[in-house]
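With our numbering, you'll find the sequence shown wraps up at 140, consecutive numbering, no jumps.
Ideal Cβ positions, reconstructed from N, Cα and C, are used throughout, including at glycine.
Computed from a prediction, not measured in an experiment: that's the story for all the values here.
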Amino acid sequence: MIRILRTEDLDVAVDIWLEASIQAHNFISPDFWLSQKQNMRDLYLPNSESWVYEDDGQILGFISYYEGTVPAVFVDTKSQSKGVGTQLLEKLKGKYNKLTLTVYSENLKSHQFYIRQGFVDVGKCMCEHTGREQFEMCWESEAL
């Protein structure tokens, strides 16, 4: 089931984000992700529209939307490659006609995931927080 993220979900969502971020971004120090934990909980998530994927009372992942962008799609590391991220993205694709996001160019697995979901590379930029190169990606609905 996909539902709106509630305040009581924040700690679980942040734990998923932290573990998945450290695993997916071995090219960035875990200390960086730890330094962002409070901002994720108190600033980023509360200021975005976010949904969680819940199965049998357990949150397995979440997605956030903010002003046309998808700043977060994170799935519990034990639940990855089981369709959770795809279903979360489908939720947003059903609500919005255009989505943009950035993904680290060194994060090949996630970059390929977004390509499979219909996103295309539209440019490159540098992450202001890490100084690492990112792909700018976009998905647009085929409906007119």
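Given D51 as reference, the closest of V71, S44, R112, L6 once Cα atoms are compared: Considering only alpha carbons, the answer is V71.
In chain order, each alpha helix (DSSP H) run of at least 4 residues that lies wholly inside the stretch 25 to 80: The qualifying runs are 26 to 35.
Whole-angstrom C-beta distance between L56 and S75, which should lie under 8 Å: Approximately 4 Å separates the beta-carbon atoms of S75 and L56; this is inside 8 Å, confirming the contact.
Return the first residue and the last residue of the alpha helix (DSSP H) that E124 is part of. Judged by DSSP secondary structure, E124 falls outside any alpha helix (DSSP H); it is assigned neither H nor E.
Leaving out five residues before and five after I0 in sequence, what residues of the same chain have Cβ atoms less than 7 Å from its Cβ? So the qualifying residues of the chain are W47.
Proximity of A68 and S77 at Cβ, strictly below 8 Å: For A68 and S77, no; Cβs fall outside 8 Å.
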